[in-house]
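Here's the structure we're looking at; comments come further down.
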Amino acid sequence: MSNRSQILRCSECGVKNKVSLERKESPVCGSCKSKLFFPSSPLTITDANFQELVEKSTLPVLLDLWADWCPPCRMLAPIVDEIANELSGKAIVGKLDVDGNRITAGRFAARSIPTLLILKGGTEVDRIVGLQSKEAILSKLKRFL
Ligand SMILES: [Zn+2]
0 MSNRSQILRC
10 SECGVKNKVS
20 LERKESPVCG
30 SCKSKLFFPS
40 SPLTITDANF
50 QELVEKSTLP
60 VLLDLWADWC
70 PPCRMLAPIV
80 DEIANELSGK
90 AIVGKLDVDG
100 NRITAGRFAA
110 RSIPTLLILK
120 GGTEVDRIVG
130 LQSKEAILSK
140 LKRFL
């Protein structure tokens, strides 16, 4: 049996907790005993936290590369929000603003946005370019869950 775990940051005290994905009961913070929650909305990913939140994630990560000035990105946003909610605990969903985070955007050579990257351990395993339906995104992503 695998022993997969995920780092969750406590929303009460900010301490990072390593949580086994096999355990059935809901996890609590080792420091303040508050309940820990898997994110149910997209995380804001930046050049600064990419390593911690994406590379170190044992869950697959769906990363939305977007920009403020891009209308299709804004149309994709509610779909990405829904996926983050539906796959809470199974996948991490993040959003990266390509204008403010050029190192990561450049690393994945995102020439057109929106681009959705599917990453495992920080390595790209698939990508979805352009505005697509939720069903199309989920069917690709579910191969990696
Ligand atoms: Zn805590």
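According to numbering that gives the first Met the number 0, the sequence shown is numbered sequentially starting from 0. Quick reminder that beta carbons are idealized off the backbone N, C-alpha and C, glycines included.
Here DSSP, grouped into helix, strand and coil, assigns I44 to coil.
For E54, there is no enclosing beta strand (DSSP E), as DSSP marks it with neither H nor E. In this structure, the alpha-carbon of K23 lies about 17 Å from that of G29.
Beta-bridge pairing by DSSP links K15 to R8. Within the chosen limit of 7 Å, ligand 1 does not reach the beta carbon of C69 with any heavy atom. For the options L7, E11, C12, the alpha carbon positioned closest to that of V18 is the one of L7.
Across the structure, S33 and E11 are spaced so that their CA atoms are roughly 7 Å apart. Straight through space, the alpha carbons of T114 and A104 are spaced by roughly 10 Å.
Inclusion of P41 and V92 in the CB contact set at 8 Å is warranted, their separation being smaller than that value. In terms of CA proximity to D67, V97 leads the group V97, I78, D46, N84.
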